[in-house]
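Report on one structure; see the data block that follows.
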Amino acid sequence: MQTDMENLKKKVEAGASYIVTQMFFDNSKFFKFREECLKIGINVPIIAGLKPITALNDINLLPQTFHIDLQMIL
Numbered sequence: 000m001q002t003d004m005e006n007l008k009k010k011v012e013a014g015a016s017y018i019v020t021q022m023f024f025d026n027s028k029f030f031k032f033r034e035e036c037l038k039i040g041i042n043v044p045i046i047a048g049l050k051p052i053t054a055l056n057d058i059n060l061l062p063q064t065f066h067i068d069l070q071m072i073l
């Protein structure tokens, strides 16, 4: 993760004007990522990468394909 953050900072320093995150379903992970960006001096807008669940199969397929945590509250 440290290397990824350093590379992200280099991209911003090279001229990136915003960041789009990977898909996520746990808001706390987004907020933690945003805090880590601020700590290392990344101050561009961060856009949350969201994907609505549109099919029942998404519940099984998305975590396997994209290595994301999909927490369901029943």
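Residue numbers (numbering that gives the first Met the number 0): 0 to 73. Note that beta-carbon positions come from the ideal geometry of N, C-alpha and C, so glycine has one too.
Assign residue i to buried or exposed, taking buried as 16 or more other Cβ atoms, counted over all protein chains shown, within 10 Å of its Cβ.
i, result
"PHE32", "buried"
Can you find the residues in the same chain that come closer than 7 Å, C-beta to C-beta, to residue i, ignoring five residues on each side of it along the sequence?
i, result
"GLU35", "MET4"
"ILE39", "MET4 and LYS8"
"LEU60", "none"
Which residues does DSSP list as the beta-bridge partners of residue i?
i, result
"VAL19", "ILE46"
For residue i, which residues of its own chain have a beta-carbon under 8 Å away from its beta-carbon, when the five flanking residues on both sides are left out?
i, result
"SER27", "none"
Legend entry - Validate contact between the stretch 42-62 and the stretch 10-18 using beta carbons, cut 8 Å, 3 pairs: yes
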